[in-house]
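For reference, the structure discussed in these notes is given below.
Residue numbers (our numbering): 7 to 175.
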């Protein structure tokens with residue numbers, strides 16, 4: 007049994023390899039020990055992201071990523087037995103705005119591909135309860151993001167340029 011990620015590309019501004027980003031989200035869930043559950047990964051345009059950001063965060067602009075945890079307390083860790091007749095655990099939703107990511111990439115991850123990967127990983131970690139409200143939490147979350155990106159995105163060490171562009175989340 008493994009977690010399932012449902013992907014949706016609801017925007018046209020930036021071409022997105024949806025299958026690739028869904029696979030990355032699935033691998034992050036697996037690496038975090040999530041054995042069952044459902045996650046939605048959606049790519050939206052700036053208008054939709056601005057609307058979500060205002061509705062949920064009180065901000066009136068399009069942001070790069072938003073996460074909406076649902077049943078995070080009910081996650082099924084690897085090795086746990088889950089009743090096969092039980093309703094699926096709804097982990098939550100990760101919403102990414104590729105056009106904002108494209109604008110932010112030079113200041114954050116360096117290139118769009120790495121920025122999208124970072125946002126997917128960042129969003130999934132938020133759904134699983136990671137946070138960056140405090141400086142220590144930020145450092146821990148960024149360390150985990152980098153490790154997951156090295157494992158599942160770069161398949162090796164991060165490029166030297168990645169750290170040079172990275173700003174705190």
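From the three backbone atoms N, C-alpha and C, an ideal C-beta is built for every residue, glycine too. Bear in mind that the values here come from a model prediction, so they are computed numbers and not experimental data.
| query | Looking at C-beta atoms only, is the number of pairs between the segment 12-31 and the segment 45-61 that lie closer than 8 Å three or more? | reply | yes
| request: Measure the C-alpha to C-alpha separation of residue 124 and residue 77 and round it to an integer number of angstroms. | output: 23 Å
| request: Put residue 15 into one of helix, strand or coil per three-state DSSP. | output: Strand, per DSSP.
| message | When you compare the CB positions of residue 122 and residue 100, do they come within less than 8 Å of one another, or not? | response | no
| Name the DSSP beta bridge partners of residue 116, please? | Answer by DSSP bridge pairing: none, since residue 116 is not bridged.
| field | DSSP-derived helix/strand/coil call for residue 156 | value | helix
| query | Given residue 94, which residues of its chain have a CB within under 6 Å of its CB, disregarding the five upstream and five downstream residues? | reply | Leaving aside the five residues that flank residue 94 on each side, the residues in its chain whose CB is nearer than 6 Å to its CB run, in chain order, 44.
| task | On the DSSP bridge assignment, give the partners of residue 49 in chain order. | result | 15 and 102
| query | So what does DSSP say about residue 10, is it helix, strand or coil? | reply | strand
| query | Going by the CB atoms, is the gap between residue 70 and residue 110 shorter than 8 Å? | reply | Contact: yes.
| said: Taking the alpha carbon of residue 28 as the reference point, which residue from 65, 10 and 157 has its own alpha carbon closest? | reply: 10
| query | Taking Cβ to Cβ, would you say residue 127 is nearer than 8 Å to residue 155? | reply | yes
| request: May I ask which residues mark the beginning and end of the alpha helix (DSSP H) holding residue 24? | output: 24-37
| request: Give the straight-line distance between the Cα atoms of residue 137 and residue 62, rounded to the nearest whole angstrom. | output: 16 Å
| Within this structure, are the beta carbons of residue 34 and residue 158 separated by less than 8 Å? | yes
| said: Run through the DSSP bridge pairs and tell me what residue 75 is partnered with. | reply: 98
| Where does residue 41 fall in DSSP's three states? | strand
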